[in-house]
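Chains as they are written, first to last, in this note's numbering: chain A, 376 to 783; chain V, 376 to 783; chain H, 376 to 783.
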């Protein structure tokens, strides 16, 4: 190795050491706790997860393998379609040394009335983590995750399971913490620090979409998390497109407590004025989701069809809720950071009329990819901090071992 | 590490060493032999598999990784739905270092007429084990496994395959050895030793279920295995619900040879009297399975529907074959160990009327979870003993290496 | 270890060292280049891939593990059914230390209009390789792979991806390089060396099949590759069953340049005379594939049904294009090497009348299995040479480390 390379490597190592040192100062209680809702975690805990994610990302870039499991399963249970979250979870698990096993309910006997309690134990004899995505039914996803958690608690307490597998919420009806935390890490890197986010205006806005029934967990996750860091949050939607009231209440309280502000308004155009960050994204309103859940539960197809028709008609009244060039020009320097969890409904590209204008999206397209790229590391960090009581110490060990991800 | 911890670790190591020492005394011929039917194995061989399973389980509890494969595939082929067996196989393979690949026939060209012989070779170029579940057709599952075995023999002999992958029967039409061996390990631990099982009364009883067509491999596996260890076996079912005659004959012979007994009776209530262990579980009778197989083979849907109707009507005559509190009270001290392969048809919980009363099941629920928890280790032990000529020596090596499953 | 064993091991090591030494002399530019078409690679590059494949195969036989990745994903995307290619890709990835993740489009949001560009990046944050099989639409498969490649280029250039994942063509509309290269390695071993293939006559012949719409990528791959090594190639098919003209042109030019010859003829019986190697395999003709692609794209089911009917009727005029004993007897010593990518349509076995007579196939059956057995190593070699700038040096390192695949 050349001297130059040795020096470079030492510099990187020093930088990683500094980050780990900073991490070690946080007081956290993440160990052996499921990660279900960001607002159940302290700010220090959220910061610790961000830091671990960034360190794992840096390590991988430097060809250092943070494999801490020699074997073990990470089980994913998706009750909704997913490409990016599925691959993010698989990537995170693989990075740490766990093998992914999908619990595919259509393949399994769960479809035949097996209880949640039993299944949770049956799949977990050698499992370390369970990632669950369950966002289809209002009032169900979060409840289901906690039910699984209780079953695992019992299994561990009674000696059925050698350890209590940790749960990672990969999207529930209430929150989407792997998305919002990835978004926050993106913001931290775009603006330089969490400190720099204070006083920044972020607009979480409803946007028009030709489809219907999109979950509320992304906007709820965004307002529920960004309100922790002193930002000025504006939640904009057409009258009637409310989110779950309790989550909005929570976000309001948090915004004030963190030295920021929280405002609800009903015009995308007005809302984005002077915004530093915009997040235009469609969702189905709370009262519709309530009706929809009941119809789904009673399997009322005629009712569902009628509801969809009404909703699409109502949506169509708000086609001006597209994030276009005119609106972009109203934002801070005409260049607010555009965010999206992807895939976006892009006018003229993925649909005729949608959430965002094609040219505007193109301007920020790569940024949205970068945004998404944090998710695998956020998930890995959620696992890592659940696994190790002292994550900083373990990261230090990994750095010392310097195990190569790819042989060289 | 504290002195206390060092002492504890030494104790555990000593205990594991003792178990490995005991294992090393068995004379076995498990090396490079498929595991298809328990009655093809000697008692020493069965004991060796139980011991290896227990040692692997203890090692994992102590964070010792018994990974012996650096790479390699374990292929699972499920011709029937399965959650628990699928995850057990995946867990076992992963524990030893193999990656699972599902041979999903609906996805593959097998559905288009490819021969068994060819497919067996095509998937096995880098495979170490194939786990097969094929329990739907009477006279087919076991036959299919042997056909695959022969194809692999040929492939290895002719230089197509670098090694002969081992086969593990994950449930056939005849036997379900991973289930029955897990059940036996559970009994060994519940009663303290295999020796203690001598003279114990175990009742394998048919039970009512609102569904139809359940395979006979579980009851056959139970009587075929438990009859090896000097237990008093009572097989109870309503007249007409016979199992495969050859398997029952085999169990009878074995029971006598091992110093136990074997009895067939036709009342659950009478059978469970003074039982130490009860295993109430529904199955479809032999003569029905014969008819059903023919109808399935000729794709006679009308015939199948008619048969199902007749069977369900016949089943409904035996709703009193539910394991309830009254029957439980008749067992030894009113507390016979209740067993089930899960999922059970639980009256008032998973169905209106079923195999077992809800409160009775709840009393033994955790025990059935513990019972199921042995299966991954039984499967791993079946692989391990097929792989290594001297499993005790290899386990000793693993202990010496002390590779951690989770970094610490 | 006995002295004899030590000597044997040393011999094997010496032999492997010699092979690696030979490999190190090739000048190649495979590093960081996708493997899409064999005719984009130089002869030295093709030879290097063959050598790496053989060395990896030998290493595994000697229980040496060439695991070079400590973690990482190999993503497979199959837009057509597949058993053998799927398992070959999984085996190759696993051998090198990568975990397979299927991108199943029916499960993912891709089905809902997500763009190729975005998905390619979203799945690749921690991916090392993407294997794509897309052979259904003429003019699409190869195009799609290059589109994915460009998206990955952009993602890497813009910092979205920490590395540019390599692409392996697992079958496109134009070429099937993992198949043809496995076939070539088989020929090399059957005839002793690539040098020995010079002047050998290989007949790539259309053959009758009761099915319709089989891709042209296998015959195209064969003539596109075998024409590089001085063989006399005869492409035989009934009038009208043309392949893509550009590929045939390419093969012709190559045959001449390499000192061989290229001929098209229209009688299997005449073509196989004095052949050293025969490859009788059905395909759908170019002009039909053109029509079919249009009908598929416009979702014209009636048109497709009509086309199928016409084609099957046309096929039926050529049932004499079966490779039977009579034709076999016309080949060199009545014993030309029979090749097939499998599964073959075998008369009297997998169909009534097909590509090859049952007894003739049986004579060469094991050879076709051996042929298929090279594919996992060819795929691994394609990954290995894309990954390491100096594959010989890395193989030397692996040999020196002598990491065991199975603990001993």
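Glycine is no exception: its CB is placed at the ideal position from the N, C-alpha and C atoms.
Under 8 Å between C-beta atoms of residue i and residue j
| i | j | result |
| --- | --- | --- |
| residue 405 (chain V) | residue 415 (chain V) | no |
| residue 470 (chain V) | residue 435 (chain V) | yes |
| residue 753 (chain H) | residue 462 (chain A) | no |
| residue 502 (chain A) | residue 450 (chain A) | yes |
| residue 591 (chain H) | residue 618 (chain H) | yes |
| residue 742 (chain H) | residue 705 (chain H) | no |
| residue 711 (chain H) | residue 652 (chain H) | yes |
| residue 559 (chain V) | residue 540 (chain V) | no |
| residue 658 (chain V) | residue 613 (chain V) | no |
| residue 510 (chain H) | residue 476 (chain H) | no |
Residue range of the unbroken beta strand (DSSP E) whose run includes residue i
| i | result |
| --- | --- |
| residue 705 (chain A) | That residue, residue 705 (chain A), is in no beta strand (DSSP E); its alpha helix (DSSP H) goes 700–705. |
| residue 543 (chain V) | 541–547 |
| residue 655 (chain H) | 652–655 |
| residue 451 (chain A) | 448–453 |
| residue 506 (chain H) | 502–509 |
| residue 558 (chain V) | From DSSP, residue 558 (chain V) is part of no beta strand (DSSP E) but of the alpha helix (DSSP H) over 552–566. |
| residue 578 (chain H) | 576–580 |
| residue 457 (chain H) | From DSSP, residue 457 (chain H) is part of no beta strand (DSSP E); its letter is neither H nor E. |
| residue 638 (chain H) | 636–640 |
| residue 724 (chain V) | Careful: residue 724 (chain V) lies outside any beta strand (DSSP E) and carries neither H nor E. |
| residue 475 (chain A) | 474–477 |
Inter-residue Cα distance where the pair is residue i and residue j
| i | j | result |
| --- | --- | --- |
| residue 565 (chain A) | residue 444 (chain V) | 44 Å |
| residue 466 (chain V) | residue 410 (chain V) | 18 Å |
| residue 427 (chain H) | residue 756 (chain H) | 5 Å |
| residue 431 (chain V) | residue 761 (chain V) | 15 Å |
| residue 729 (chain A) | residue 697 (chain A) | 6 Å |
| residue 740 (chain A) | residue 674 (chain H) | 32 Å |
| residue 524 (chain A) | residue 516 (chain A) | 12 Å |
| residue 487 (chain V) | residue 719 (chain H) | Residue confidence for residue 487 (chain V) is low, a pLDDT of 38 falling below 50, so the modelled location carries little weight; the figure read from the coordinates is stated next. If you take the alpha carbons of residue 487 (chain V) and residue 719 (chain H), they lie about 11 Å apart. |
| residue 691 (chain V) | residue 578 (chain V) | 22 Å |
| residue 845 (chain H) | residue 550 (chain H) | The requested residue 845 (chain H) is not part of the displayed model; chain H covers only 376 to 783. |
| residue 390 (chain A) | residue 570 (chain H) | 55 Å |
| residue 576 (chain V) | residue 689 (chain V) | 29 Å |
| residue 574 (chain H) | residue 605 (chain H) | 6 Å |
| residue 429 (chain A) | residue 759 (chain A) | 12 Å |
Classification of residue i by the beta-carbon crowding that lies within 10 angstroms, buried from 16 upward
| i | result |
| --- | --- |
| residue 700 (chain V) | exposed |
| residue 602 (chain A) | buried |
| residue 485 (chain A) | Caution applies to residue 485 (chain A), whose pLDDT of 45 falls short of 50 and renders its modelled position unreliable; the value that the coordinates give is listed next. Answer is buried; the Cβ neighbour count reaches 16. |
| residue 459 (chain V) | buried |
| residue 662 (chain A) | exposed |
| residue 717 (chain H) | buried |
| residue 381 (chain V) | exposed |
Endpoints, the alpha helix (DSSP H) within which residue i is located
| i | result |
| --- | --- |
| residue 528 (chain H) | 516–532 |
| residue 647 (chain H) | Taken as a continuous stretch (DSSP letters only), residue 647 (chain H) belongs to no alpha helix (DSSP H), as it is neither H nor E. |
| residue 745 (chain V) | 733–747 |
| residue 624 (chain H) | 620–632 |
| residue 608 (chain V) | Residue 608 (chain V) -> not in any alpha helix (DSSP H); beta strand (DSSP E) instead, spanning 607–611. |
| residue 597 (chain H) | 592–601 |
DSSP state of residue i mapped onto helix, strand, coil
| i | result |
| --- | --- |
| residue 426 (chain A) | helix |
| residue 661 (chain V) | helix |
| residue 666 (chain H) | helix |
| residue 686 (chain V) | helix |
| residue 488 (chain V) | For residue 488 (chain V), the predicted structure reports a pLDDT of 42, less than 50, and the residue's modelled location is therefore unreliable. A value from the coordinates is still provided. It is coil, neither helix nor strand. |
| residue 443 (chain V) | coil |
| residue 776 (chain A) | helix |
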